[in-house]
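Peer 1: Residue numbers (my numbering): -15 to 601. Where a beta carbon is used, it is the ideal one built from N, C-alpha and C, also for glycine. Pasting a structure here, questions to come.
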Amino acid sequence: MLIVHVVSSIWIMDYSPHKLFFVLLLISIGMSDSVAADQATYIIHMDKSLMPAPFSSHHDWYMSMLSSLSSQDAESPTHLYTYNHVLDGFSAVLSRRQVNQLEKMPGHVATFRETVGKIHTTYTPKFLGLKKNEGLWHEGKLGDDTIIGIIDTGIWPESESFKDEGMPPVPDRWRGACETGVAFNSSYFGASTIDRDYVASVSVNNGNITVQGKSIYPLNLEVSKFPVYFGYGNRSKEICDDYSLDPKDVEGKIVFCDYIDENSGVNTFEVDRAGGAGAIFSTDFQRYLRPRDFDFPYVALSKEDGVLLKDYLIRTENAAVDIKFQITMLGAKPAPMVVWFSSRGPDRRSPWILKPDVVAPGVDIVAAWSPNVGMQPLGDNFLLSDFAMVSGTSMSSPHVVGIAALIKAAHRDWSPAAIRSAMMTTAYVNDNTNGVIIDMTTDVAGTPLDYGAGHVDPNKALDPGLVYDLEVQDYINYLCGMNYTSVQIKTITRRSNYSCARASLDLNYPSFMVLLNNTNAAAYTFNRVLTNVVDTPSVYRAIVVSPSGMKVDVEPSVISFTGLNSKAQFKITVEVDVEDARPRSDAIVNYGFLSWNEVDGSHVVRSPIVSAYAPYV
């Protein structure tokens, strides 16, 4: 697999707080406080095709526009950069009034106020079930002759994860350029697993009570017969509340912090402030059982294990503890879970499409890292490494991209929509305990607004049976239905001749969203087209699973396909009427599933049916 890493030309400011203050201070010289506060950095998206003839370049056009903006109550606009590749446009420091003026000028498409983002990447084959000699990895030839373009702010190409040993030459159809440099190569890939936890063992009473907790403290540290402090009888001390611990009691000891609830959190700062040598936290909130910081040695125990340790500490004077860090546990349960920072639906800009599509590994991923960038404070120093444990949706998205590339390698004629459909309709919603995937923000079973169609299953996505495909005109119809302007549609599609005659918000998508706007009842009808992607004729029967308050009718309930690429249409009507529900923003009402089950076959094509409150529609 060849992954060509394209460095974005978009300028992202990533300053520490004191440096950012200094930059803003320089910008604000000569301005009043109110004027300075009104200015910000913006990216302006332009339609270059509307550039007036007198200008020799779009850069000159942009500069002319900026010079025409009013500076009566603000500094003159400051041009920062002109974009030529990812988008047509420029970035500039502008006042709000200047932005308003600019947005009324011909050629303006969109305005984006500057934000700061961090991008990381890795992949995890084992948890996804990828095997070298079978399934998607095998059928996709390990991604051979597949090119992936990545828009990022930069990488560390010398990383061991990016070695290209055994890789074939760059494909002839590659139309870009390969940069040269120290240890630069033609492949970027890494390997890790996700079905594991990082734990520490905690023992008291000479090993008669031993429990395991979560910890990512990076040192191979073994604490033996260390004194333990527990502020029993004072609730503030018991939970290690801010400034509750007395250094005279805590210094040099392991501090036990009783049941940590959603409000108190894991307060390593307080234990460290009081001079504690380490900490043990007891909680049943999943978010706290996934430690993030490791500059301080601590272990997070479940509430049940915490009670065992707490009872022993209450009845034992001068208790001591043994802790062993750096233990990796495979086969952790339950897994997967939807982490608290994961993006959830409904989407405010496009609520008619389920958000997210799917979920993929994105927590505690071992990722390639720049060895000259400190990952985390460790004592008085920063921990430096060629690898880092990273979490985020920027961990899950490259997993999905890699799976899509493998599917494309196995099915060269499939469109992006077909590949997305294959991943969505074959995704699973049960974890490795056979329960519904848990939402870590609530510690209960999640919903499609948390996990979308489910967790991606690469091997099943290789052979979905049927797909919900899309053509360019389908996307145009959707943009028209969203009331995009002609300038915006032309800029996005790069087409000057398009038609909005069939504008529609009913995209041929593998999910169904029923939106309620300050009401408890609604009815939607969806029209869909399925395409057969196997070589043989087939028949499918509709199976609906719907909860109380949701009525679903599918017509026809049986569809037939004559062979490869044959199509079948169906209509699904969903009526939602929930008397006891209370309308509120961004909340799920109920959900079910439509499955097309192959008659005398093994394919199951499943899509979520979701009703949700979306008062902004």
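#1: Can the beta-carbon of Leu433 be found closer than 7 Å to that of Arg328?
#2: Which of the three DSSP states is assigned to Met(-15) in this structure?
#3: Over the uninterrupted alpha helix (DSSP H) stretch that includes Gly127, give me the two end residues.
#4: Hey, out of Gly133, Arg157, Asp128, whose CA is closest to Asp148's CA?
#5: Mind reading off the beta-carbon distance from Val322 to Ile421? Whole number of angstroms is fine, and I expect it under 8 Å.
#6: Which term fits Lys339, buried or exposed, when burial requires 16 or more other beta carbons within 10 angstroms of its beta carbon?
#7: Tell me which residue opens and which closes the beta strand (DSSP E) that Lys198 is part of.
#8: Please say whether Val538 and Ala526 have beta carbons closer to each other than 7 Å?
#9: Measure the CB-CB distance between Ile28 and Gly73 and report whether it falls below 7 Å.
#10: Does DSSP classify Asp31 as helix, strand or coil?
#11: Can you list, in chain order, the residues of its chain with a C-beta nearer than 6 Å to that of Arg590? Leave out the 5 residues immediately preceding and following it.
#12: In terms of DSSP beta bridges, what is Gly533 paired with?
#13: Kindly indicate the opening and closing residues of the beta strand (DSSP E) around Pro592.
#14: Near Ile11, what residues of its chain come up, given a Cβ to Cβ distance below 6 Å and the 5 sequence neighbours on each side ignored?
#15: For Asn189, which of helix, strand or coil comes out of DSSP?
#16: Span of the alpha helix (DSSP H) holding Thr377?
#17: If I'm right that Gly197 touches Leu292 with Cβ under 8 Å, what's the distance once you round it to whole angstroms?
#18: Under 7 Å between the Cβ atoms of Ala411 and Val440?
#19: Among Ala485, Asn504, Thr509, whose alpha-carbon lies nearest the alpha-carbon of Asn467?
#20: Tell me the DSSP secondary structure of His69 in three-state form.
#21: Using a Cβ-Cβ cut-off of 6 Å (strictly less than) and excluding sequence neighbours within five positions of Leu71, which residues of its own chain qualify?
#22: Does the region 225 to 233 come close enough to the region 339 to 349 that 3 or more CB-CB pairs lie under 8 Å?
#23: Does the distance from the CB of Gly124 to the CB of Leu514 come in under 7 Å?
#24: Please return the same chain residues whose Cβ sits closer than 8 Å to the Cβ of Asn302, not counting the five positions on each side in sequence.
#25: What are the boundary residues of the alpha helix (DSSP H) that includes Ile337?
#26: Can you give me the Cβ contacts of Thr509 inside the same chain, cut-off strictly under 7 Å, excluding the 5 residues immediately before and after it?
#27: Any heavy atom of the ligand FMN within a distance shorter than 6 Å of the CB on Leu229?
#28: Near Ala94, what residues of its chain come up, given a Cβ to Cβ distance below 6 Å and the 5 sequence neighbours on each side ignored?
#29: Assuming Phe309 contacts Ser199 (C-beta within less than 8 Å), just tell me the rounded distance between them.
#30: Alpha carbon to alpha carbon, how far is Ser470 from Val529? Give it in angstroms, no decimals.
#31: Mark Asp637 as exposed unless 16 or more other C-beta atoms lie within 10 angstroms of its C-beta, in which case mark it buried.
#32: Could you check the C-alpha separation between Pro153 and Gly430 for me, to the nearest Å?
#33: Measure the C-alpha to C-alpha separation of Gly547 and Ala372 and round it to an integer number of angstroms.
#34: Considering only C-alpha positions, which residue in the set Gly113, Trp45, Phe496, Thr194 is nearest to His383?
#35: Rounded to a whole number of angstroms, what is the C-alpha to C-alpha distance between Asp44 and Ile349?
#36: For Lys147, which of helix, strand or coil comes out of DSSP?
Peer 2: Taking the coordinates as given:
#1: Their beta carbons are under 7 Å apart, which means Leu433 touches Arg328 by this criterion.
#2: For Met(-15), the predicted structure reports a pLDDT of 39, less than 50, and the residue's modelled location is therefore unreliable. A value from the coordinates is still provided. It is coil, neither helix nor strand.
#3: DSSP places Gly127 in no alpha helix (DSSP H); its state is neither H nor E.
#4: The shortest C-alpha separation from Asp148 is found at Asp128.
#5: Indeed, because the Cβ distance is near 6 Å, the residues count as touching under 8 Å.
#6: With a threshold of 16 other beta carbon atoms within 10 Å, Lys339 meets it and is buried.
#7: Note, Lys198: beta strand (DSSP E), 193 to 198.
#8: Cβ atoms of Ala526 and Val538: closer than 7 Å.
#9: Result yes, Cβ atoms of Ile28 and Gly73 sit closer than 7 Å.
#10: In the three-state scheme derived from DSSP, where H, G and I count as helix and E and B as strand, Asp31 is classed as coil.
#11: Taking C-beta separations shorter than 6 Å and ignoring five residues to either side along the sequence, the partners of Arg590 in its chain run Thr409, Phe577, Ser579, following chain order.
#12: Paired residue(s): none; Gly533 is not in a bridge.
#13: Where Pro592 is concerned, the enclosing beta strand (DSSP E) stretches over 588 to 597.
#14: Annotation note: pLDDT 35 at Ile11 (below 50); position unreliable, coordinate value reported separately. Scanning its chain for C-beta atoms nearer than 6 Å, with the 5 sequence neighbours on each side dropped, one finds no residue around Ile11.
#15: In this structure, DSSP gives Asn189 a state outside helix and strand, which the three-state scheme calls coil.
#16: Thr377 -> alpha helix (DSSP H) spans 377 to 394.
#17: Contact doesn't hold; Cβ gap of about 12 Å is too wide.
#18: In contact: Ala411 and Val440 (Cβ atoms closer than 7 Å).
#19: The option with the nearest alpha carbon to Asn467 is Ala485.
#20: Secondary structure at His69: coil, using DSSP grouped into helix, strand and coil.
#21: Excluding the 5 residues flanking it on each side, Leu71 has same chain C-beta neighbours closer than 6 Å at His29, in chain order.
#22: Taking 8 Å as the limit for Cβ pairs, the verdict is that the region 225 to 233 does not touch the region 339 to 349.
#23: With respect to the 7 Å criterion, Gly124 and Leu514 are not classified as neighbours on the basis of their beta carbons.
#24: So the qualifying residues of the chain are Pro211.
#25: Where Ile337 is concerned, there is no enclosing alpha helix (DSSP H), given that its DSSP letter is neither H nor E.
#26: Contacts found: Lys555, Thr557.
#27: Absent from the structure shown: the ligand FMN. Ligands present: none.
#28: Hits under 6 Å: His29.
#29: Rounded, the Cβ-Cβ distance is 6 Å, consistent with contact.
#30: Distance between the alpha carbons of Val529 and Ser470 is about 41 Å.
#31: Given that the chain is displayed from residue -15 to residue 601, the structure contains no residue 637 and the question cannot be resolved.
#32: Cα-Cα distance, rounded: 45 Å.
#33: Linking Gly547 to Ala372 through their CA atoms gives a straight-line distance of about 48 Å.
#34: If we check each option's Cα against that of His383, Gly113 comes out closest.
#35: The straight-line gap from Cα to Cα measures roughly 45 Å.
#36: If DSSP states are grouped into helix, strand and coil, Lys147 belongs with coil.
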